[in-house]
Structures are given as structure tokens and as C-alpha cells.
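Please read the structure below before turning to the comments.
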Amino acid sequence: MNKHAEFPVVPPDGRLLSLVVPVFNERPMLPLFFERVFAVLAALDLRWEIVLVDDGSDDGSAQYIRSVIDRSPGVRLVKLSRNFGKEAAMTAGLEHAKGDAVIVLDADLQDPPEQIPAMVDCWRSGVDVVLMQRRSRAGETAFKRWSAHLFYRLLNLTSRTNIPVDTGDFRLMSRKAMDALLALKERNRYMKGLFAWVGMPTQVIQYDREPRAAGETKWDYPGLVGLALEGLTSFSVSPLRWATVIGLIAASLGAVFGAWIVVKALMLGDATSGYPSLVAVISFLGGIQLISVGIVGEYVGKTYMESKQRPVYLTEEVIENQESVRQQARHQTAGARHVKAV
Ligand code: UDP
Ligand code: MG
Numbered sequence: 008m009n010k011h012a013e014f015p016v017v018p019p020d021g022r023l024l025s026l027v028v029p030v031f032n033e034r035p036m037l038p039l040f041f042e043r044v045f046a047v048l049a050a051l052d053l054r055w056e057i058v059l060v061d062d063g064s065d066d067g068s069a070q071y072i073r074s075v076i077d078r079s080p081g082v083r084l085v086k087l088s089r090n091f092g093k094e095a096a097m098t099a100g101l102e103h104a105k106g107d108a109v110i111v112l113d114a115d116l117q118d119p120p121e122q123i124p125a126m127v128d129c130w131r132s133g134v135d136v137v138l139m140q141r142r143s144r145a146g147e148t149a150f151k152r153w154s155a156h157l158f159y160r161l162l163n164l165t166s167r168t169n170i171p172v173d174t175g176d177f178r179l180m181s182r183k184a185m186d187a188l189l190a191l192k193e194r195n196r197y198m199k200g201l202f203a204w205v206g207m208p209t210q211v212i213q214y215d216r217e218p219r220a221a222g223e224t225k226w227d228y229p230g231l232v233g234l235a236l237e238g239l240t241s242f243s244v245s246p247l248r249w250a251t252v253i254g255l256i257a258a259s260l261g262a263v264f265g266a267w268i269v270v271k272a273l274m275l276g277d278a279t280s281g282y283p284s285l286v287a288v289i290s291f292l293g294g295i296q297l298i299s300v301g302i303v304g305e306y307v308g309k310t311y312m313e314s315k316q317r318p319v320y321l322t323e324e325v326i327e328n329q330e331s332v333r334q335q336a337r338h339q340t341a342g343a344r345h346v347k348a349v
């Protein structure tokens, strides 16, 4: 039954919903993607636009999207100059979106577009963020599920910003939340962390994550480990503190061990022996030192990258439906004439 049956039907409002879709070599997915998304949007009593971001695809995705744009006024394509990664592509899409609310959604249909009406209902009830939480992760290996789980736990252990478990980038944000997000100018764009940092009234909807409908995931394990490290170091400096604490513990153990050797030599007259223990201690300490230097290096590297102030992405071109561009221009001149007349 429709859960809003007791309430009056919300009248269609003039507000605009933007869908932001990062696309990287998704050519086999796109026809089905548009089919399902258009079907959902057609039934929605809102104005909408789709902002696709081509993140340097080389499989003809951009050409296909161009052909869709020729037929559909509501679709736009932001073409980046090369592959910048999903985080940068999403940032580009959010910056180009004009909507009063925006939904970020993957092109591979793992985030089912059929959830959009429920998300919009939540937004209309007044929340600024609608988070989509995965109830199940079909089509993912047990190892990926397990490692993802472990990662989220670790992340929340280290950081004060609470990043909700099992939520991805699939979410709705109001204009207010989006403007807050875009005001964060850092170049290391770990979006899940940035989203969480913004906060705002949030509602969680659970959904079943679908398997990829075609093509392959763009993530490999080294990539995921990189993203995980990025997440861990972007949102907290507690790894630095761990290094200090572990160093303190190791140094104390070393001191106790040294004292014990002296006492033993004095009381028992036992001359220095224990080459193996020496090697063990040296390699243990050496390891801790290298890890600590590595952790410090992560942060120094981050500071270096931030200090360069490079843009997060470069746009090659923005492709729009010509008819809608002409219409907008007509509206604008009509508006200007109206202002003059007044
Ligand atoms: N994506 C992107 N740039 C990249 C990698 C991925 O824009 O460098 C897009 C991709 O086209 C898809 C979304 O990000 O729309 C999610 O990618 P994928 O399905 O490979 O990730 P997974 O779902 O396995 O986490
Ligand atoms: Mg996917």
C-alpha cells in the first residue's frame, strides 16, 4: 500500500532534481541505464536533469551520450580532459548540477534508479540528506564484503566524523547540503568522508545493491587499498598518534628488557648472550620506525599535494541539447525584456 495514502498528494512543485552520474568506460551499460532512468523520471512530478560526467572513457561512452543528448533536452555531459577518478568526476558533476536536490548514482545500475521516488519523498518531508544503505551486496565476493566491513569499522575507529557503515556514494542531497559540500575546497576528495563531514538532517533508506548489469568494476584491490588509505588519512591524524603510542610502548619494553639483562648479568654473572633476541628486537624496532616514517610521509605527501592548489579536475567541454540551450536563451531575453518594461 502507498505509505502516503492518508496524506494529501504532494502537488507537483517547480523544483529541479539533478542526477549526477560518473561514467568511465560504461558503453555496454548506457542503453539500459537510460532506459531505466528515463522510465523512473517520467513518472516523477518534478523537473529533472541528468548530468553525466565522462571521466576520460575511451570506449565510445561519450559519443553514445552525445546521441542521447540530441534527443533528450534534460541530459548534459561534462567531459573531463582525462581519467581523474570517480571522486573527482563526482565533484565535477555536483559543481555542474543546477538542481534544488541532487542524487549521485553509478552508471552501472548497481544503485537502482527505481529508488529515486522514495528518496525524493524523504527530501520533500524536509531532510537534507537521504543516505542509501546497502542491505545486501549481491554480486560481490565474500572477501570484498568482509574487507569493506573491516574498513568502515577501522575508519570510524580513527575518525571523529562518523562515516555510516555500508553506505556508498548513492545518496540525495538538498541544495543546502550540496553547497556546504562544494565549499570544502580540499583536493584530496574522499567523498564519503566529505559527505559525512557536512552532516545535516539525514534519513537512511535501506536497499538491495544489485550486481553490475554489464561490464566490469573499475576497482582492483590495489586501487581499493589506496582509497582506504586515503580515507583513513584524510579524516583523522590519529594514525600519527598511534605511531607515537606504539613507539612509546616499544621503547618502554626495550628499557625493561635492557634493565633485565643488566640485572641478570650482575646476579648470575651471565655474560651477554642472546644474538637471536637482539636480531628480533632490532627488526621489530626497525619495522616500527619504517611504519612510522611511512605514516608521517602520507601526511607530508598530502600537505604537498594540497599546497599545489591544482584543480580537482579539468573540463574539456560541456555538451548540451541545442534545443534546450536555445530555449533557455529565449527565457533569459524574455526575462530581460520584462525587467526593462518594469
Ligand atoms: N567511475 C569513474 N571513474 C573511475 C572509475 C569509476 O567515473 O575512474 C565510475 C563508473 O563508471 C561507475 C562508478 O564510478 O559509474 C562506480 O564504479 P564501479 O562500478 O567500477 O565501482 P564499484 O561499484 O565496483 O565500487
Ligand atoms: Mg559498480
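For the sequence shown, our numbering gives the first residue as 8, with consecutive numbering after it. Backbone N, C-alpha and C fix where the C-beta goes; we use that ideal spot for every residue, glycine too. Quantities reported herein were computed from a predicted structural model and do not represent experimental measurements.
| Asked | Found |
| --- | --- |
| Backbone CA spacing between R182 and A108 [nearest angstrom] | 5 Å |
| Nearest neighbour of Q334, chosen from E56, V325, P80, V269 [CA to CA] | P80 |
| C-alpha gap between I170 and A49, whole angstroms | 33 Å |
| Rounded C-alpha distance that separates N90 from I289 | 44 Å |
| Where R337 falls: helix, strand or coil (DSSP) | helix |
| Sub-9 Å separation of L292 and A266 beta-carbons | no |
| K86, enclosing alpha helix (DSSP H) - first and last residue | Looking at the DSSP string, K86 is not in any alpha helix (DSSP H); the run it does join, the beta strand (DSSP E), is 82 to 87. |
| CB-CB length for T174 against V319, believed under 8 Å | With a Cβ gap of about 22 Å, T174 and V319 do not count as contacting. |
| Residue interval of the alpha helix (DSSP H) (run including Y159) | 149 to 165 |
| First and last residue of the uninterrupted beta strand (DSSP E) at G175 | 174 to 181 |
| Inter-residue spacing [alpha-carbon to alpha-carbon] between L231 and S154 | 10 Å |
| CB of L24 within 9 Å of CB of R54, strictly | yes |
| Start-to-end residues for the beta strand (DSSP E) that takes in T322 | 322 to 327 |
| Option nearest H103 by Cα separation, candidates T310, L26, N195 | L26 |
| Beta-carbon proximity list for E324, same chain, < 7 Å, skipping 5 on both sides | K86 |
| Distance cut-off 8 Å: K93 Cβ against heavy atoms of the ligand UDP | yes |
| Range of the contiguous beta strand (DSSP E) that encloses I110 | 108 to 111 |
| Three-state secondary structure (DSSP) of L236 | helix |
| Residue range of the alpha helix (DSSP H) that includes S259 | 245 to 275 |
| Best match in L84, G200, E313, R34 for proximity to M235 [C-alpha to C-alpha] | The question names Met, but residue 235 is Ala in the sequence shown. Nearest of L84, G200, E313, R34 to A235, Cα basis: G200. |
| Q117 beta carbon near the ligand MG (any heavy atom closer than 8 Å) | yes |
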